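These protein sequence lines map, in sequence, to chains A and B. Note that my numbering has the first sequence beginning at 12, numbered continuously upward. Note that my numbering has the second sequence beginning at 57, numbered continuously upward.
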Amino acid sequence: MAHLKPIKVLIPLLNDSVAPRFDLATDVVLVRLDAEGVPLERKLLILPQASAERLCQLVIAEAVTIVVCGGIEAEHFDYLTWKQVRVIDNVIGSVGSVLARLKLNQLECGDILREQTDADG
Amino acid sequence: MKRIDPAALLDAVAFGLLAVDSQGRVLALNERLATLIGMSADAAVGLPCVQVLRNRCGVQRCGAGESLESEENTSRTDDLITRDRRRIPVRISVSLLADPGGTRIGYLKTIEDLSGPESADQLLSTSYGFGSVIGRSPRMQRLFAMLPVVAQSDASVLITGETGTGKDLLAEAIHQASDRAKGPFVKINCGALPATLLESELFGHKKGAFTGAVEDRPGRFRMAHQGTLYLTEIGDLPLALQVKLLTFLDDKIVYPLGSTVGHPADVRVVAATHRDLGEMVRRGRFREDLFYRLNVLRLEVPSLREREGDIPLLLDYFLKRLSAELGRPIEGFAPRSLKILLDYHYPGNVRELKNIAEYCVHLCQEKRVQPAHLPAYLMEKPVSRQRTAPSLPAAAAASRPAGAENQTVIEAWSDIEARLIREALVKARGHRGRAAQIVGCARSTLWRKIKQYGIEV
């Protein structure tokens with residue numbers, strides 16, 4: 012694990028997987044990892060309604076360092092990047108597989124963590 | 057009898073197609089959909105449909121725990137987010153897929169891209185123009201009279217004209233009025249990339265074709281399948297690629313870098329240049345055979361100096377449009393301002409005229425634009441357009457880089473604004489809140505402008 016300081020990850024959810032769209036997610040998981048990538052704290056938040064702007068506010072308010080998501084519009088991606096938040100988008104996979112990849116510091120934009128994905132409609 | 061490859065048949069359809077099994081996992085998708093969403097069929101097969109398509113209704117349906125059956129035999133407008141972070145409106149129709157015995161095996165989704173101009177009728181409804189190109193001068197009227205015929209033909213088109221005359225707009229208007237309007241309009245600037253990159257951009261590459269080619273890429277030709285590929289600054293296309301382009305125009309088959317397998321692409325090519333290609337052919341800098349292949353239909357866009365009577369029309373058009381966009385109650389130009397504007401020779405053509413109008417709209421706080429609201433260089437260099445040559449010599453134009461005419465004479469409002477923001481950021485030592493105060497706008501506006509102008513902070 013090459014992270015030098017503790018990181019805070021936000022993952023919008025659809026069931027147990029990364030939500031296909033940032034702007035439509037109503038469930039998010041916040042995970043605090045230590046410098047070795049080991050989860051220290053995990054918090055599940057249920058939002059009153061889906062809103063990309065609200066989610067951006069939450070990312071800033073919670074001092075999140077990494078957002079892992081599926082589809083995100085350029086406007087929100089650019090805003091978060093400008094706010095020094097690393098956005099790893101176009102990711103498909105379960106929360107578990109995402110955290111495992113993050114621990115190895117090997118998660119990239121566009122990653123499809125196929126073996127871990129849930130059946131979905 | 058020849059057998060038809062079902063995959064090739066699906067790729068030939070003008071809509072995106074997605075086949076899913078009864079659990080909602082992707083079985084297949086055609087090339088049109090792969091291009092639209094930015095994900096290859098190989099990567100998508102086996103994944104949950106909602107993760108691949110990322111359409112609003114699909115995500116909401118999954119979130120509510122509803123099955124795919126609720127979508128059966130529906131057709132609704134929706135939106136999806138592509139891999140390049142664009143949200144685009146689509147229409148998605150869902151129909152049942154059954155085996156010969158009538159047992160349900162899954163669903164077929166048809167995805168129609170609804171982005172782009174509302175309809176060709178609306179595009180063509182401008183009183184004095186074609187699409188978003190306007191003008192009522194005899195030269196432009198002759199051009200507009202040719203355009204419906206050009207649009208309906210499927211031959212290659214070569215658009216020539218000085219920088220800023222509206223070649224890009226014309227190319228897009230031709231596409232929108234053609235039978236290919238439902239297909240993609242893909243633009244690439246041949247002068248903006250080095251030769252090796254340009255080849256990969258145009259024709260695509262196979263994974264491993266060169267260092268950094270980590271995945272297959274289809275290239276712009278295949279992305280423009282059943283649509284139009286617009287090659288701007290064709291005069292800057294390297295000679296090696298001219299041969300490859302000529303081969304494509306003859307065979308309509310694309311060979312990606314590193315691959316011996318060709319892919320058919322049904323693409324209409326529209327090319328444009330500000331250079332004199334005939335002169336370049338004589339100097340051996342452009343292939344004669346390619347010149348004749350592209351020159352099937354030739355459209356010469358006149359410079360603004362040659363468009364008698366169009367300057368007042370364009371000034372009025374841009375002033376009204378920009379005033380409305382920026383919410384300024386400007387009614388028109390004061391007579392003295394109009395005289396100065398009519399006497400100017402516009403070396404940067406319509407682009408320069410538009411920039412001047414934008415400058416005026418930003419600076420004018422009155423109902424009519426006064427001379428004080430005009431860019432200072434218009435008063436410093438009172439060159440009458442009647443006294444200038446009708447157009448620059450072809451050889452001189454050919455040796456000039458694109459946009460060079462504008463650089464000496466015009467600093468567009470956007471350039472001024474970007475400069476003011478940079479100066480404010482320097483003054484505020486990078487503190488955006490203070491920079492916003494200096495510029496006199498909100499922090500969010502400053503952020504948007506920084507993004508718009510690509511200012512590095």
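Backbone N, C-alpha and C define an ideal beta-carbon position, used for all residues, glycine too. Keep in mind it's a predicted model, so treat the numbers as computed, not measured.
With distances taken from CA atoms, which of the options is nearest residue i?
i              : options                        : result
G94 (chain B)  : B:A63, B:L136, B:P385, B:E228  : B:L136
R392 (chain B) : B:L430, B:E289, B:V325, B:S315 : B:L430
N129 (chain B) : B:Y163, B:T329, B:N245         : B:Y163
L419 (chain B) : B:P250, B:D399, B:I386         : B:I386
Y311 (chain B) : B:K223, B:M196, B:L258         : B:L258
L20 (chain B)  : B:V69, B:D224, B:C497          : Only positions 57 to 513 of chain B appear in the structure, and residue 20 (chain B) is not among them; the question remains open.
L153 (chain B) : B:A64, B:V352, B:S78, B:H261   : B:S78
D366 (chain B) : B:I190, B:M435, B:R338, B:F277 : B:I190
H87 (chain A)  : B:G220, B:W503, B:R343         : B:W503
Y402 (chain B) : B:A432, B:S359, B:L382         : B:S359
R141 (chain B) : B:T252, B:R276, B:L92, B:S193  : B:L92
L346 (chain B) : B:P368, B:S379, B:A296         : B:A296
A46 (chain A)  : A:I83, A:E119, A:G82, A:I18    : A:I18
V150 (chain B) : B:R198, B:V76, B:V325, B:K423  : B:V76
R519 (chain B) : B:T303, B:E362, B:G489         : Missing from the structure shown is residue 519 (chain B); chain B here goes from 57 to 513 and no further.
V29 (chain A)  : A:C67, A:N101, A:E119, A:K114  : A:N101
V39 (chain A)  : A:L24, A:R32, A:T92            : A:L24
E436 (chain B) : B:V357, B:G334, B:R276, B:L397 : B:L397
I412 (chain B) : B:M279, B:R147, B:L378, B:I148 : B:L378
M202 (chain B) : B:A432, B:G119, B:K505, B:L353 : B:L353
L44 (chain A)  : A:A85, A:I71, A:L21, A:I57     : A:L21
G80 (chain B)  : B:D98, B:L103, B:L350          : B:L103
Report yes if the CB atom of residue i is closer than 9 Å to the CB atom of residue j, and no otherwise.
i              : j              : result
L355 (chain B) : L481 (chain B) : no
L313 (chain B) : A269 (chain B) : yes
H319 (chain B) : P274 (chain B) : yes
C80 (chain A)  : A36 (chain A)  : yes
L124 (chain B) : P145 (chain B) : no
F71 (chain B)  : T166 (chain B) : yes
I472 (chain B) : A491 (chain B) : no
I99 (chain A)  : I77 (chain A)  : yes
A409 (chain B) : L382 (chain B) : Note that residue 409 (chain B) is Leu in the sequence shown, not Ala. Cβ atoms of L409 (chain B) and L382 (chain B): not closer than 9 Å.
A84 (chain B)  : L66 (chain B)  : yes
D272 (chain B) : S131 (chain B) : no
H231 (chain B) : A211 (chain B) : no
E364 (chain B) : A328 (chain B) : no
Q282 (chain B) : V242 (chain B) : no
E122 (chain B) : I148 (chain B) : no
S105 (chain A) : L124 (chain A) : yes
D186 (chain B) : A120 (chain B) : The sequence shown places Phe at residue 186 (chain B), rather than the Asp named in the question. The answer is no: Cβ separation not under 9 Å.
Y433 (chain B) : A474 (chain B) : no
V425 (chain B) : A390 (chain B) : yes
Does the Cβ of residue i have 16 or more other Cβ atoms within 10 Å, making it buried, or fewer, making it exposed?
i              : result
E228 (chain B) : buried
G114 (chain B) : buried
T133 (chain B) : exposed
W469 (chain B) : buried
F266 (chain B) : exposed
G48 (chain A)  : buried
L375 (chain B) : buried
Q298 (chain B) : buried
D61 (chain B)  : exposed
P240 (chain B) : buried
N116 (chain A) : exposed
T284 (chain B) : buried
Y286 (chain B) : buried
D122 (chain A) : buried
D306 (chain B) : exposed
G496 (chain B) : exposed
P457 (chain B) : The predicted model places P457 (chain B) with a pLDDT of 40, which falls under 50 and marks its position as unreliable; any figure quoted below should be read in that light. With fewer than 16 Cβ atoms within 10 Å of its Cβ, P457 (chain B) is classed as exposed.
P31 (chain A)  : buried
| said: Which residues of the segment 57-87 of chain A have a Cβ closer than 9 Å to any Cβ of chain B? Give them in chain order. | reply: A61, G81, G82, I83, E84, A85, E86, H87
| Which residues, in chain order, does the segment 99-115 of chain A contribute to contact with chain B at a C-beta distance below 8 Å? | D100, N101, I103
| task | Using a Cβ-Cβ cut-off of less than 7 Å, list which residues of the segment 271-291 of chain B approach chain E; keep chain order. | result | Looking at the structure shown, chain E is missing, and the protein chains on hand are A and B.
| message | If the cut-off is 9 Å on Cβ atoms, which residues from the segment 141-163 of chain B count as contacting chain A, listed in chain order? | response | Residues passing the 9 Å Cβ filter: R141, R142, R143.
| field | Where the segment 21-42 of chain A meets chain B: residues whose CB sits under 9 Å from a CB there | value | L25, N26, S28, V29, A30, P31, R32, F33, D34, L35, A36, T37, D38
| What residues in the segment 480-513 of chain B have a beta carbon less than 7 Å from any beta carbon of chain A? | W503, K507
| query | Listed in chain order, which residues of the segment 381-401 of chain B have Cβ atoms closer than 9 Å to some Cβ of chain A? | reply | none
| Taking a cut of 7 Å between CB atoms, which residues from the segment 118-130 of chain B lie near chain A? | C118, G119, S123, L124
| query | Residues in the segment 324-341 of chain B with C-beta within 9 Å of chain A's C-beta atoms, listed in sequence order? | reply | none
| request: Mind checking the segment 399-431 of chain B against chain A and listing, in chain order, the residues whose C-beta falls within less than 9 Å of any C-beta there? | output: Per Cβ criterion, the list is empty.
| request: Closer than 9 Å, Cβ to Cβ, to anything on chain A: give me those residues from the segment 101-112 of chain B, in chain order. | output: G102, L103, P104, C105, V106, Q107, V108, L109, R110, N111, R112
| query | Which residues, taken in chain order from the segment 41-55 of chain A, show a beta carbon closer than 9 Å to some beta carbon of chain B? | reply | Result list empty, no residue passes.
| Can you list the alpha helix (DSSP H) stretches of 4 or more residues lying completely in the segment 267-298 of chain B, in chain order? | 275-279
| In chain order, each alpha helix (DSSP H) run of at least 4 residues that lies wholly inside the segment 333-385 of chain B | 333-338, 344-350, 366-382
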